[in-house]
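Novice: Input: one structure, supplied below.
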Amino acid sequence: MNLAIGKSISRLSAFLAIIVALASHSAATSSMYAQALTGSKLTVRVTGVRNNKGMIAFALFRSEEGFPGDASKAFRKMQVEIDPQTHTAQVSFDNLPRGDYAVSIFHDENSNGRLDKNMLGIPKEGYGASNNPKKEMGPPKFAEARFDLNQPEQTIEIKPIY
């Protein structure tokens, strides 16, 4: 074999090895990037709704700022109709980064877009939060409702308090 041909083959082999290494690195990086773009899916199911009037409002929070009642500070929010057969409601939040979250809900029975309260500030409509914290004086704290979204798909259930 000619010495020049041997060196060319050696250089070609080294070049191909570099191309293969770059391609596998690029594929791994693309896979991680795609996973970061798609994120996690959180399904929130509300059960025990007392009637099918109005809507269920959902607010998804990433911090205690605004939780539970200031939906303008929520990471995401939605409203859905109540299933008249099962008296349940369900939403899915897609493409969420993994981490800490809390969800607050309320049953907007008269569809006015807010949680109605009596003169003492006590809710007249159903409300709730992730982890279903026990009813106490005042609204639930973020720490009580906080959960870790750490899977590709996760489902939580909230039962409103009336």
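As numbered in the numbering used here, residues 2 to 163 make up the sequence shown, in order. All C-beta atoms in this analysis are idealised placements derived from N, C-alpha and C, irrespective of residue type, glycine included.
#1: Would you call the segment 75-83 in contact with the segment 132-142, where contact means no fewer than 3 C-beta pairs closer than 8 Å?
#2: Between SER112, ARG99, THR48, GLY55, which lies nearest to PHE62 when the distance is taken from Cα to Cα?
#3: DSSP puts GLU154 in a beta bridge; with which residues?
#4: Following the continuous beta strand (DSSP E) through ALA90, name the residue where it begins and the one where it ends.
#5: Could you tell me if MET120 is buried or exposed, where buried requires 16 or more neighbouring beta carbons within 10 angstroms of its beta carbon?
#6: How close, in whole Å, do the beta carbons of SER41 and PHE68 come, if the pair is a contact with beta carbons under 8 Å?
#7: Around the Cβ of PRO161, are there at least 16 other Cβ atoms within 10 angstroms (buried) or fewer (exposed)?
#8: Of all the options SER93, THR89, GLY114, MET56, which has the alpha carbon lying nearest to the alpha carbon of GLN155?
#9: What are the boundary residues of the alpha helix (DSSP H) that PHE143 is part of?
#10: Going along the chain, which residues of its own chain have a beta-carbon closer than 7 Å to the beta-carbon of LYS125, five neighbours each way excluded?
#11: Does LYS78 come out as helix, strand or coil in the three-state DSSP assignment?
#12: Which of helix, strand or coil does DSSP assign to SER112?
#13: Could you give the DSSP three-state label for SER105: helix, strand or coil?
#14: If you count every other CB in all the chains shown that lies within 10 Å of the CB of ALA103, and 16 or more means buried, which is it?
#15: Is there a Cβ from chain B that is less than 8 Å from the Cβ of LEU150?
Specialist: Inspection of the coordinates gives the following:
#1: no
#2: ARG99
#3: LYS42
#4: 90-97
#5: exposed
#6: With a Cβ gap of about 20 Å, SER41 and PHE68 do not count as contacting.
#7: buried
#8: SER93
#9: 143-146
#10: ASP117, LYS118, ASN119
#11: strand
#12: coil
#13: strand
#14: buried
#15: The structure shown contains no chain B, having only a single protein chain.
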